[in-house]
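Participant:
In UniProt numbering, the protein residues as written are 1 to 158.
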């Protein structure tokens with residue numbers, strides 16, 4: 001069985017979503033289905049069918065979260081000694097060597113990745129290029145528009 005890395009924050013977010021779905025959404029949908037049943041003929045009852053469909057989606061998501069948590073290896077980067085090297089979970093500030101434009105990313109698991117929030121998947125080309133490098137190192141990243149070089153400005157364990 002394949003295990004997947006996950007940050008402490010990512011695990012907490014999944015646990016919170018699971019709790020919301022099981023403690024809030026399940027009872028709400030159960031009540032909605034019960035109320036829709038009382039309306040009569042189920043064949044032509046749009047409210048009933050909509051609630052059942054939503055219930056199916058919620059149950060699928062609950063099973064998905066449970067599977068992800070079961071196969072997760074939760075890594076607390078704050079418990080790992082800071083060496084200045086880029087590892088899973090660290091936050092990295094990099095500068096484009098050509099333009100000196102700076103960006104900051106946290107390297108996270110696939111399920112947690114959200115580019116808009118500055119979280120990139122450990123499997124992304126940029127993260128793969130950064131892993132095991134140190135502050136001051138220059139890495140070359142192959143992108144659709146060509147090779148871009150980045151200098152690692154700072155590595156933080158947050």
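For glycine and all other residues, C-beta sits at the position ideal for the given N, C-alpha and C.
For the beta strand (DSSP E) that contains residue 24, what are its first and last residues?
Facilitator: Note, residue 24: premise wrong, no beta strand (DSSP E); not H, not E.
Participant: Determine contact between the stretch 119–134 and the stretch 84–92, defined as no fewer than three beta-carbon pairs at a distance below 8 Å.
Facilitator: yes
Participant: Measure the alpha-carbon distance for residue 58 versus residue 65 and round it to whole angstroms.
Facilitator: 11 Å
Participant: Going by CA-CA distance only, name the one from 76, 151, 122 that's closest to residue 103.
Facilitator: 151
Participant: Residue range of the alpha helix (DSSP H) that residue 67 falls in?
Facilitator: 46–70
Participant: So the candidates are 71, 117, 21; which of them puts its Cα closest to the Cα of residue 2?
Facilitator: 71
Participant: Starting from residue 93, follow its DSSP beta bridges and name the residues at the other end.
Facilitator: 104, 154
Participant: Can you tell me whether DSSP reads residue 133 as helix, strand or coil?
Facilitator: Of the three classes helix, strand and coil, the one that applies to residue 133 here is coil, per DSSP.
Participant: Just to check my reading of the structure: residue 155 and residue 97 have Cβ atoms closer than 8 Å, yes? What is that Cβ distance to the nearest angstrom?
Facilitator: About 17 Å; that fails the 8 Å criterion.
Participant: Is DSSP giving residue 141 helix, strand or coil here?
Facilitator: strand
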